[in-house]
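A.B. asks: Taking UniProt numbering, I'd label the letters of the sequence shown as residues 1 to 347.
The structure that follows is given in the form of structure tokens.
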Amino acid sequence: MSYSPPVQTSISAIWSQCSSAQERGYRGYTPWGTLWFYLHDQREDMRKWDGKPTLTLEAWGLPYGQCEKSNGEWRLTVDYCGLNEVTPPLSAAVTEMLKLQYELESKAAKWYAKTDITNVFFSIPLAAECRPQFAFTWRVVQYTWNRLPQWWKHSPTICHGLIQTALELGEAPEHLQYIDDIIVWGNTAEEVFEKGKKIVQILLKAGFAIKQSKVKGPAQEIQFLGMKWQDGCPQVPMDVINKITAMSPPTSKNKTQTLLGIVDFWRMHIPNYSLIVSPLYQVTWKKNDFKWGPEQRQAFEQMKQEIVHAVALGPVWAGQDIKNMLYTTARENGPAWSLWQKASGET
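This is the structure in structure tokens:
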């Protein structure tokens with residue numbers, strides 16, 4: 001695939017002016033439909049920022065829906081599972097979150113600042129010859145994207161690479177990047193402010209849009225990669241822990257798979273994790289019907305309890321006062337292990 005250089009999009013400005021479909025007299029439309037009718041009324045050329053009618057073959061048509069984001073806004077979703085299955089792999093990859101966490105912890109920083117790029121995938125134009133495979137049907141009319149779709153398997157990797165290249169060309173100060181999240185650090189607020197300002201300037205010059213609300217810091221405590229950072233130490237935010245412990249048992253295979261995807265973050269930090277969640281994986285197997293029995297209930301509750309106790313995470317430390325404990329288990333598919341450490345005074 002070939003991609004054009006990123007350019008800015010005005011989607012946020014459009015959203016901010018958009019009134020609801022019901023208020024405008026339309027009935028039965030989704031929040032995304034509200035946006036489309038607003039654009040239509042304003043004679044906006046929708047091809048500038050997302051989709052357009054296409055003569056794509058019907059076979060490419062894909063199901064779509066919408067989901068509510070954590071901030072109350074709505075996002076169009078298209079089911080690209082079938083496309084993802086036949087998409088060849090890329091040699092490039094996004095850096096693993098665990099590796100980034102270890103590296104950030106090694107900095108032992110006092111101050112932090114981070115930047116999150118706005119609507120980053122819509123900032124990346126998609127080459128015309130690549131658009132047919134992303135077509136979807138909405139109200140009998142076919143559309144396709146001319147911006148990088150969020151739900152395609154390689155979108156994060158391509159996005160990460162473009163931002164990384166822009167930062168390298170702009171000679172950005174030392175930072176860590178995970179797709180569209182960038183963090184800088186230092187020993188003083190002034191130092192971190194200047195680093196963050198430089199990062200923002202480089203990204204704006206490269207054509208990416210940044211909301212002021214997405215720029216955080218300088219601060220001595222900041223959230224990055226789902227963790228709360230202070231004095232170089234990561235902790236899982238309590239609101240995340242509370243949401244997980246308040247979860248209701250899943251009622252289908254898909255919901256169980258979603259749950260396992262969420263809690264997989266703790267795989268390296270919970271002793272015997274694989275054994276604990278094994279009954280949950282069993283109900284997701286294709287050959288099995290979904291059945292939530294006593295084993296699954298016990299595993300579900302135990303997993304939530306273990307997550308509460310695994311809030312302080314970190315890399316391996318060395319020293320005379322450090323005690324290492326290696327947990328090993330044997331499974332049908334092979335061995336599993338996890339390393340835990342106790343510092344002096346810990347129980």
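Where a beta carbon is used, it is the ideal one built from N, C-alpha and C, also for glycine.
The structure presented is a predicted model; accordingly, all values stated were derived computationally and were not measured.
Entirely within the region 176-235 and at least 3 residues each: give me those beta strand (DSSP E) ranges in chain order.
C.D. replies: As far as the region 176-235 is concerned, its whole beta strand (DSSP E) runs of at least 3 residues are 176-178, 181-186, 215-219, 221-224, 227-230, 233-235.
A.B. asks: Should the region 154-167 be regarded as contacting the region 84-102, the criterion being three or more beta carbon pairs within less than 8 Å?
C.D. replies: Yes, since at least three Cβ pairs between the region 154-167 and the region 84-102 fall closer than 8 Å, the two stretches touch.
A.B. asks: Alpha carbon to alpha carbon, how far is Lys-205 from Gln-150?
C.D. replies: Looking at the two C-alpha atoms, the distance is approximately 23 Å.
A.B. asks: Which one or two residues does DSSP pair with Trp-111 in a beta bridge?
C.D. replies: DSSP lists Gly-186 as partners of Trp-111.
A.B. asks: Which two residues bound the contiguous alpha helix (DSSP H) that contains Gln-302?
C.D. replies: First-last of the alpha helix (DSSP H) with Gln-302: 294-309.
A.B. asks: Along the beta strand (DSSP E) that carries Tyr-143, what are the first and last residues, could you check?
C.D. replies: Per DSSP, Tyr-143 belongs to the beta strand (DSSP E) from 141-145.
A.B. asks: By a C-beta neighbour count over all protein chains shown, 10 Å radius and 16 as the cutoff for buried, is Met-303 buried or exposed?
C.D. replies: Buried, by the Cβ-count rule.
A.B. asks: By the three-class DSSP mapping on this structure, what secondary structure does Asn-288 have?
C.D. replies: Reduced to three states, the DSSP call for Asn-288 is coil.
A.B. asks: Are there 16 or more other CB atoms within 10 angstroms of the CB of Val-263, so buried, or fewer, so exposed?
C.D. replies: With 16 or more Cβ atoms within 10 Å of its Cβ, Val-263 is classed as buried.
A.B. asks: Can you tell me whether Gly-217 is buried or exposed, with buried defined as 16 or more other CB within 10 angstroms of its CB?
C.D. replies: Burial call: buried.
A.B. asks: When burial is assigned at 16 or more other CB atoms within 10 Å of the CB, is Met-325 buried or exposed?
C.D. replies: With fewer than 16 Cβ atoms within 10 Å of its Cβ, Met-325 is classed as exposed.
A.B. asks: Does DSSP put Pro-31 in a helix, in a strand, or in coil?
C.D. replies: Here Pro-31 scores only 36 on pLDDT, less than 50, and its place in the model should not be relied on; the value that follows carries that caveat. Of the three classes helix, strand and coil, the one that applies to Pro-31 here is helix, per DSSP.
A.B. asks: Does the region 195-211 touch the region 224-242, meaning 3 or more C-beta pairs lie closer than 8 Å?
C.D. replies: Result no; under three Cβ-Cβ pairs closer than 8 Å.
A.B. asks: How would you label Lys-195, buried or exposed, when you count the other beta carbons within 10 angstroms and need 16 or more for buried?
C.D. replies: Burial call: buried.
A.B. asks: I'd like to confirm the pairing. Which residues does DSSP put opposite Phe-136 in its beta bridges?
C.D. replies: Its beta-bridge partners are Tyr-143.
A.B. asks: Please report the distance separating the alpha-carbon of Gly-207 from that of Ser-123.
C.D. replies: The alpha-carbon atoms of Gly-207 and Ser-123 are separated by roughly 8 Å.
A.B. asks: Taking CB distances under 9 Å as the criterion, tell me whether Met-247 reaches chain E.
C.D. replies: Checking the listed chains, one finds no chain E in this structure; it contains a single protein chain.
A.B. asks: Relative to the C-alpha of Ala-109, which candidate in Lys-214, Ile-183, Leu-260, Pro-89 has its C-alpha closest?
C.D. replies: Closest option to Ala-109, Cα to Cα, is Ile-183.
A.B. asks: Using only the alpha-carbon positions, how far apart do Asn-254 and Phe-193 sit?
C.D. replies: Using only the alpha carbons, I get a separation of about 43 Å.
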